[in-house]
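Okay, structure first, notes after.
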Amino acid sequence: MEILKLEATEDLPCLLFDGDKGVFEISRRSLPENAIRFYEPYIDYINEYLRSPKEETNIVFHFDYVSTSSTKQIMKMIMLFDQLKQTKKVNLNWNYDKGDVDMLQTGSRLQQLTSFKFVFNEV
Amino acid sequence: MQGTNSGKYLSIAELFKVLNHYQLNYAYNGDFTNDLTERILSLAETNMEVESENLKIKKKVYFIIVESLQNITRHQGSSKNARLADGFFSIHKFLGGYLVGSGNAIENDHIDTLSQKLNKVNAMSAEELKDYQKEVLSAGGFSEKGGAGLGLIEMVRKSGNKLLYDFEKIDEQNSYFYFQSKITDGSSENTKIDEYNHEVVKRVHKAVTENNLKIFFQGQFKHENVRSLLSMAEGSIYLTENFGFKKTSVAIMIELLQNISYHAAGLNNSDERPGLFMVADNNNVCSLITGNYVENFKIDELIKKIDFVNSLDNSAIEKLYLETIVLEQDDQKKGAGLGFIDIRIKSKNKIEIEMVPYTDDKTFVIIKANISY
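These protein sequence lines are chains C and X, in that order. Quick note on numbering that gives the first Met the number 0: the first sequence kicks off at 0 and runs consecutively. Quick note on numbering that gives the first Met the number 0: the second sequence kicks off at 0 and runs consecutively.
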């Protein structure tokens, strides 16, 4: 699969999707003007990956700020991986800055909507 | 501006109406750090970019902003009295030009010298200013006693207008110095604006200090503006002292600003997103305040939404958050639901809402999120 890569900007996240390695990483800030439109190609990519997924998938989130409209799209992605979890190994790491209680809480909330056990790392 | 009485206090909504004659109003009151001044410059640049301002005016405005900010940082005090220590900066755009204002405390002993300097450059013709500038430059750039500095000469020359100023007594030792430049592109001068010209910086400063505001922004809430406004607010030293408080404030700010850029009603056409954003500080409570027009037929639903979010206890609001996140996944426009829930959870306070009737079909809605720290 082609690798999707994005450098972080003031309002867009740093992103690395590498289907061949089963790696999905999003970090920094996610405040796009239109979250649905912004995340659409990445959600398509995940759907394509799910047709022939790797034995092990590693997902890492590490946000500074996420708008609520982005949170909904992040949730959409997590739910896609949630299905994969029934047949393959999927690890989900929710990293957050030291002392960033808000981001830890956002992760804990999202976890409740899935069958995942998020690995929370304060870094 | 000099010698005029201070106008009556204007409520925020009234001020908004007056300032609506301008396309953009931005003010900051407080400490000016280097980092902050850079962010203010970049906010101004973005706004000029959004307004697709011509290069000549852009360069002039940029220069005047740099000079004004330098004046503030050079003169801002270290006093414990906020009125003495706080610097003030504001910029106002009107059809055909910009006003750039600044304010800082000054010792009464220095008023005469400063007035003389300002009056001297203000009295000069373009030719005289040019000669005077040469004279000062050949003297090594240092102004002799009683002469004006290069900065002031350049400001008059670049702006093409006289410098407006005023002093307002604070106490026996100090006064507040208001300083204002007008940059015009020489074409269409909007006469309507002139009525407010002399008072605008002072009026905004009054509204800002009376409401304990740190940041005041009125303009179009296009995405680009929202981005640099956020960056500017983040750079305010007021928000950087306490990590947890800063994170929460910025996160709430993001929701409030996006809320305006998605939902605000325009006055003339539907592409406009006129709105107001303010940061206030009262006794360890930081208030993030937005104001924008909403069509009257949407008001009931908005009030219902906020009342409902306010009425829930912690566990009920957590439950609503989870329900909403799944329900709203495919609807960009419906963002306000989760946004208000998020604000309510993060601020740990009720969201305040206030309505000011504007026209038959629109209301000015003020939304306030309070964060204790």
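The beta carbon of each residue, even a glycine, is placed where N, CA and C say it ideally should be. Keep in mind that this is a model prediction, so the values were computed, not measured.
(message) Since L79(C) and N46(C) should fall inside the 8 Å C-beta cutoff, what is the C-beta to C-beta distance between them, to a whole number of angstroms?
(response) As a working mapping, residue 79(C) is identified with position 80 in the first sequence. As a working mapping, residue 46(C) is identified with position 47 in the first sequence. About 7 Å separates the two Cβ atoms, so the contact holds.
(request) Over the uninterrupted alpha helix (DSSP H) stretch that includes H109(X), give me the two end residues. (result) By 1-based counting over the second sequence, the position of residue 109(X) is 110. Element bounds for H109(X): n/a, residue is neither H nor E.
(request) Pull up the DSSP beta-bridge partners for A104(X), would you. (result) To locate residue 104(X), count along the second sequence from 1; it is residue 105. DSSP output for A104(X) lists Y175(X) as bridge partner(s).
(message) Starting from Y280(X), trace the beta strand (DSSP E) in both directions and tell me its first and last residue.
(response) Mapped onto the second sequence, residue 280(X) falls at position 281. According to the sequence shown, residue 280(X) is Asp rather than Tyr. Note, D280(X): beta strand (DSSP E), P273 to N281.
(request) Pull up the distance between the alpha-carbon of F117(C) and that of Y44(C), whole angstroms please. (result) Locating residue 117(C) in the first sequence gives position 118, where the first residue counts as 1. Locating residue 44(C) in the first sequence gives position 45, where the first residue counts as 1. Near 22 Å, if we compare the C-alpha coordinates of Y44(C) and F117(C).
(message) Classify I2(C): buried if its beta carbon has 16 or more other beta carbons within 10 angstroms, exposed otherwise.
(response) By 1-based counting over the first sequence, the position of residue 2(C) is 3. Burial call: exposed.
(request) Note down, in chain order, every chain C residue with its Cβ under 7 Å from the Cβ of G338(X). (result) The sequence position of residue 338(X) within the second sequence is 339, counting from 1. What G338(X) touches in chain C: T67.
(request) Give me the Cα-Cα distance between E271(X) and Y261(X), rounded to the nearest whole angstrom. (result) Stepping through the second sequence from its first residue, residue 271(X) is reached at position 272. Stepping through the second sequence from its first residue, residue 261(X) is reached at position 262. If I take the Cα positions, the gap works out to 11 Å.
(request) Quick one: give me the first and last residue of the alpha helix (DSSP H) that N46(X) is part of. (result) On the second sequence, position 47 is the one that residue 46(X) refers to. Per DSSP, the unbroken alpha helix (DSSP H) holding N46(X) starts and ends at N33 to V49.
(message) For I324(X) and V203(X), I'd like the C-alpha separation in whole angstroms.
(response) In the second sequence, residue 324(X) corresponds to position 325, counting from 1. In the second sequence, residue 203(X) corresponds to position 204, counting from 1. The straight-line gap from Cα to Cα measures roughly 40 Å.
(request) Give, in chain order, every residue of the stretch 15-35 of chain C whose Cβ lies closer than 8 Å to some Cβ of chain X. (result) L30, E32, N33, A34 and I35
(message) For F60(C), report the span of its beta strand (DSSP E) as first-last.
(response) The sequence position of residue 60(C) within the first sequence is 61, counting from 1. Run containing F60(C): E55 to V65, per the beta strand (DSSP E) assignment.
(message) Counting only C-beta atoms, is G234(X) closer than 8 Å to chain C at any point?
(response) For this step, residue 234(X) is matched to residue 235 along the second sequence. Chain C contact via Cβ: absent.
(request) Write down the C-beta distance between S68(C) and Q219(X) rounded to the nearest angstrom, noting that I regard them as a contact closer than 8 Å. (result) Position 69 of the first sequence holds residue 68(C). Position 220 of the second sequence holds residue 219(X). Actually they do not touch by this definition, with Cβ atoms about 20 Å apart.
(request) Quick one: grab the DSSP three-state call for T113(C). (result) Locating residue 113(C) in the first sequence gives position 114, where the first residue counts as 1. In the three-state scheme derived from DSSP, where H, G and I count as helix and E and B as strand, T113(C) is classed as coil.
(request) Could you tell me whether the Cβ of V122(C) comes closer than 8 Å to any Cβ of chain A? (result) As a matter of chain content, chain A is missing from the structure shown, whose protein chains are C and X.
(message) I need the boundaries of the alpha helix (DSSP H) containing D306(X), first residue and last residue.
(response) Residue mapping note: residue 306(X) aligns to position 307 of the second sequence, counting from 1. Note, D306(X): alpha helix (DSSP H), N295 to S310.
(request) Determine, using beta carbons only, whether N291(X) and V207(X) come nearer to each other than 8 Å. (result) Residue 291(X) sits at position 292 when you count from the first residue of the second sequence. Residue 207(X) sits at position 208 when you count from the first residue of the second sequence. Cβ distance not < 8 Å, so N291(X) and V207(X) don't count as in contact.
(message) Quick test of your reading: S26(C) and F62(C), contact by CB under 8 Å. State the CB separation rounded to the nearest angstrom.
(response) As a first step, residue 26(C) is located in the first sequence; it is residue number 27 there, counting from the start. As a first step, residue 62(C) is located in the first sequence; it is residue number 63 there, counting from the start. S26(C) to F62(C), Cβ: 7 Å. Contact.
(request) List the residues that DSSP assigns as beta-bridge partners of P356(X). (result) The residue labelled residue 356(X) in the question sits at position 357 within the second sequence. Looking at the DSSP assignment, P356(X) forms a beta bridge with T362(X).
(request) Kindly indicate which three-state DSSP category N313(X) falls into: helix, strand or coil? (result) Within the second sequence, numbered from 1, the residue matching residue 313(X) stands at position 314. Note: N313(X) maps to helix in three-state DSSP.
(request) Measure from the C-beta of K144(X) to each C-beta in chain C and report whether the shortest distance is under 8 Å. (result) Walking along the second sequence from the start, residue 144(X) turns up at place 145. Summary for K144(X): the model assigns pLDDT 46, below 50, so the residue's position carries little reliability; its value from the coordinates is reported in the next sentence. So no, K144(X) is outside the interface.
(message) Quick check: what's the CA-CA separation for F16(C) versus L5(C)?
(response) Looking up residue 16(C) in the first sequence gives position 17. Looking up residue 5(C) in the first sequence gives position 6. Roughly 9 Å separates the two Cα atoms.
(message) Could you tell me the alpha carbon to alpha carbon distance between Y25(X) and L229(X), rounded to whole angstroms?
(response) For the purposes of this step, residue 25(X) is taken as residue 26 along the second sequence, with counting starting at 1. For the purposes of this step, residue 229(X) is taken as residue 230 along the second sequence, with counting starting at 1. Taking the straight line from one Cα to the other gives about 13 Å.
(message) Pull the bridge partners of E121(C) from the DSSP assignment, please.
(response) Along the first sequence, one-based indexing puts residue 121(C) at 122. E121(C) is bridged to Y95(C).
(request) Could you round the C-beta distance between N121(X) and V155(X) to whole angstroms and report it? I think they count as a contact, below 8 Å. (result) Stepping through the second sequence from its first residue, residue 121(X) is reached at position 122. Stepping through the second sequence from its first residue, residue 155(X) is reached at position 156. Rounded, the Cβ-Cβ distance is 7 Å, consistent with contact.
(message) I want to verify the contact list: residues of chain C whose CB lies under 8 Å from the CB of A206(X), in sequence order.
(response) On the second sequence, residue 206(X) is found 207 positions in, with the first residue counted as 1. In chain order: nothing, as chain C lies at least about 29 Å away.
(message) Between the alpha carbons of K157(X) and L40(X), how many angstroms are there, rounded?
(response) Here residue 157(X) is taken as the residue at index 158 of the second sequence, counted from 1. Here residue 40(X) is taken as the residue at index 41 of the second sequence, counted from 1. Cα to Cα, K157(X) sits roughly 18 Å from L40(X).
(message) Closest to Y21(X) by C-alpha separation, out of E233(X), E50(X) and I259(X), would be which residue?
(response) In the second sequence, the residue the question calls residue 21(X) occupies position 22. Measuring from the Cα of Y21(X), the nearest candidate turns out to be E50(X).
(message) Please state the DSSP three-state secondary structure of I214(X).
(response) As a first step, residue 214(X) is located in the second sequence; it is residue number 215 there, counting from the start. Three-state DSSP puts I214(X) in a strand.
(request) Could you spell out where the alpha helix (DSSP H) holding F166(X) opens and where it closes? (result) Counted from its first residue, the second sequence places residue 166(X) at position 167. No alpha helix (DSSP H) contains F166(X), which is instead part of the beta strand (DSSP E) from L163 to K168.
(request) Report buried or exposed for A376(X), applying the criterion of at least 16 other Cβ atoms within 10 angstroms of its Cβ. (result) With chain X covering only 0 through 372, there is no way to say anything about residue 376(X).
(request) Kindly list the residues whose CB is nearer than 6 Å to the CB of Q265(X), restricted to its own chain and excluding five residues on each side of it in sequence; keep chain order. (result) Here the question's residue 265(X) lines up with position 266 in the second sequence. Correcting the residue type first, residue 265(X) is Gly in the shown sequence and not Gln. Closer than 6 Å at the Cβ level, and outside the excluded window around G265(X), lie E271.
(message) Checking 8 Å against the spacing of the C-beta atoms, do G18(C) and E55(C) come in under that value?
(response) Translated into positions along the first sequence, residue 18(C) becomes position 19. Translated into positions along the first sequence, residue 55(C) becomes position 56. No, they are not a contact pair.
(message) Considering only their Cβ atoms, is the gap separating F244(X) from G98(C) smaller than 8 Å?
(response) Taking the first sequence and counting its residues from 1, the one referred to as residue 98(C) is at position 99. Taking the second sequence and counting its residues from 1, the one referred to as residue 244(X) is at position 245. No, they are not a contact pair.
(request) Could you confirm whether any beta carbon from chain C is found closer than 8 Å to the beta carbon of A368(X)? (result) Numbered from its first residue, the second sequence carries residue 368(X) at position 369. Taking a beta-carbon distance threshold of 8 Å, A368(X) does not count as an interface residue toward chain C.
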